[in-house]
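Everything on this sheet refers to the single structure shown next.
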Amino acid sequence: MSATVPAVNYWPQNSCAKAFWGQHELPPYQQLLQDTISWLDLQPGQRWLDLGCGGGQLTRALWQTTEGGLEEIVGSDCAAANAYAFEKLRSRVEPWSGDRIRFVVSDFSTGLPFAEDDCFDGVVSGLAIQYAESYSPETGRWTTNAYDAVLKEVCRVLRPGGQFAFSVNIPEPSWLKVAALSVFGFFGARSPGRYLHKAYAMWRYGGWLKTQARKGRFHYLPRPLVVKKLQAAGFVQIERRRSFAGQAYLFRCRKPE
Ligand SMILES: C[S@@+](CC[C@H](N)C(=O)[O-])C[C@H]1O[C@@H](n2cnc3c(N)ncnc32)[C@H](O)[C@@H]1O
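According to this note's numbering, the sequence shown holds residues 1070 to 1326 in order.
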């Protein structure tokens, strides 16, 4: 049986958020970013949600790929520190975004902060929804209820025919494989010392994430189970591939027309 009192969740903390701001420098993450963007059906004038957006790497890529053609991108994350990263992103992206890129602090384990149904053309999420957490005090166990609920919420806020593309880690991911491929990034890094520092910080959080996943708090689920959950949430046209040094599944699917 798991601990009766849930242990601390580091994700909302500033130090954890900031540690992952450097993730985009890792070659395996670059591969994941490119694979994700290449799988999206982006059209000018659309509204997209970046769920568990962190420092906004996917948001930036959405904006740049469409050359600022989207009507709006909303980044949402439980860590308030990411508001600062979004301020910086907004001031640097080209073309200028104004308020068309915005950030909302929100914990997706308790739902999505959008009352309106069918309000997004697309939802993207990078290595985030697997951290939806729900604890049952009655049984003293972690459950997948919040994970299942996030999928249903995403389906609710998508317009009919809208696309959902997201990545999640495979069961028992090997951070060693990710680290091995990240060695190449060290040689190309603008500041190798900073690169090593960030990589080490992420590595340390990686240990915590794996321990919590083994307890059932976080969800590195087998591919067929994710497919089953997507179907149960109402998604169709489910496709998947591997990315992130083989340590993540990338899924894409749609809300039925
Ligand atoms: C591995 S990082 C990925 C960040 C970003 N998607 C990217 O691709 O760079 C996971 C993100 O999920 C966010 N997250 C974890 N649990 C969350 C929750 N319950 N609600 C909202 N965001 C959450 C974290 O704060 C973090 O920014």
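Where is the CB? At the ideal position from N, CA and C, for every residue including glycine.
Rounded C-alpha distance that separates residue i from residue j
i     : j     : result
D1187 : F1233 : 13 Å
M1070 : T1208 : Because M1070 carries a pLDDT of 43, less than 50, the predicted location of this residue cannot be relied on, and no value is offered for it.
G1230 : G1262 : 46 Å
W1080 : C1147 : 7 Å
W1108 : T1134 : 12 Å
Q1346 : L1131 : No answer is possible for residue 1346: the residues shown for the chain start at 1070 and end at 1326.
A1072 : A1088 : With a pLDDT of 47 at A1072, under the threshold of 50, the predicted position of this residue should be treated as unreliable, though the coordinate-derived value follows. So the two alpha carbons sit approximately 27 Å from each other.
Q1100 : L1319 : 11 Å
R1323 : G1257 : 38 Å
K1157 : W1165 : 12 Å
P1240 : F1287 : 11 Å
A1086 : A1150 : 7 Å
V1162 : R1129 : 7 Å
L1299 : S1236 : 13 Å
L1250 : S1260 : 18 Å
P1293 : G1124 : 30 Å
D1217 : V1295 : 10 Å
L1058 : L1118 : This structure leaves residue 1058 out entirely; the chain is present only between 1070 and 1326.
V1305 : Q1082 : 35 Å
S1160 : D1168 : 11 Å
P1206 : N1078 : 17 Å
Q1281 : R1321 : 26 Å
V1173 : A1248 : 31 Å
R1283 : P1242 : 11 Å
S1084 : R1273 : 12 Å
Y1269 : P1325 : 42 Å
H1266 : P1075 : 29 Å
L1127 : N1214 : 26 Å
Residue range of the unbroken beta strand (DSSP E) whose run includes residue i
i     : result
F1233 : L1227 to N1238
D1146 : E1141 to D1146
W1211 : R1210 to T1212
F1320 : A1317 to R1323
L1181 : Where L1181 is concerned, there is no enclosing beta strand (DSSP E), given that its DSSP letter is neither H nor E.
V1192 : F1189 to G1195
W1117 : R1116 to L1120
Y1327 : With the chain covering 1070 to 1326 only, the question about residue 1327 has no answer from this structure.
W1198 : Residue identity check: residue 1198 is Ile in the sequence provided, not Trp. Note, I1198: premise wrong, no beta strand (DSSP E); not H, not E.
S1312 : V1305 to S1312
F1172 : I1170 to V1174
Cβ-Cβ distance between residue i and residue j below 7 Å
i     : j     : result
S1175 : S1145 : yes
S1178 : A1201 : yes
S1170 : I1142 : A small correction: the amino acid at residue 1170 is Ile; Ser does not occupy that position in the sequence shown. Cβ distance < 7 Å, so I1170 and I1142 count as in contact.
D1110 : S1312 : no
Q1316 : K1246 : yes
F1253 : P1097 : no
L1227 : F1183 : no
C1224 : A1302 : yes
L1120 : V1192 : yes
G1285 : W1244 : no
E1264 : E1140 : The amino acid occupying residue 1264 in the given sequence is Tyr; Glu does not appear at that position. Cβ distance not < 7 Å, so Y1264 and E1140 don't count as in contact.
Endpoints, the alpha helix (DSSP H) within which residue i is located
i     : result
Q1300 : R1292 to A1302
Q1126 : Q1126 to T1134
D1066 : Residue 1066 cannot be examined here, being either before or after the span of the chain that is shown, 1070 to 1326.
S1084 : N1083 to A1088
S1332 : Residue coverage of the chain in this structure runs from 1070 to 1326, which leaves residue 1332 outside it and unanswerable.
S1160 : N1151 to R1161
8 Å contact criterion, which residue i and residue j should meet: CB distance rounded
i     : j     : result
P1113 : G1138 : 4 Å
L1196 : N1238 : 6 Å
C-beta neighbour in chain D for residue i, strict 7 Å
i     : result
E1207 : Going by chain labels, chain D is absent from the structure shown, which holds only one protein chain.
Report task. For ligand 1, list every residue whose C-beta falls under 5 Å from any of its heavy atoms, going in chain order. Result -> W1080, F1089, G1121, G1123, Q1126, D1146, C1147, A1148, D1176, F1177, S1178, G1195, L1196, A1197 and Y1200
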